[in-house]
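Let me begin by presenting the structure, written as structure tokens, before commenting on it.
Numbering (my numbering), first residue to last: 12 to 122.
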């Protein structure tokens, strides 16, 4: 039942969608079929946060002053790890805070 609660929370807070990294003028295609691939798209779908070649299942949402904090059960390059991830909606996209730092993601144009 916890998984359903988390999915509902991610969808209700407006974090789901496709994004590309702010400041990266690379050839990001913003296609759902290339979610998590370099040059594809970044995003949140079905309670999974997709970065470039890493994923985190978002669990146990908690509202904070700067967005929603999640426990992330993550995988990168085949190695599992756990991270605290805060997502915050911005005017043009999403701010993603995690142990490695903070990233700004811009919303992909609608198809």
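Every residue, glycine too, gets a C-beta built ideally from N, C-alpha and C.
In the DSSP secondary-structure assignment, residue 74 is bridged to 79. For the set 29, 72 and 57, the Cα lying nearest the Cα of residue 51 is the one of 29.
A straight line joining the alpha-carbon of residue 67 with that of residue 86 spans about 6 Å. According to the DSSP assignment, residue 114 belongs to the beta strand (DSSP E) that extends over 112-118. Counting other Cβ atoms within 10 Å of its Cβ, residue 49 stays below 16 and is therefore classed as exposed. Counting every other CB atom within 10 Å of its CB across the protein chains shown gives residue 72 a total of 16 or more, marking it as buried.
Around the Cβ of residue 99, a 10 Å sphere holds 16 or more other Cβ atoms; the residue is buried.
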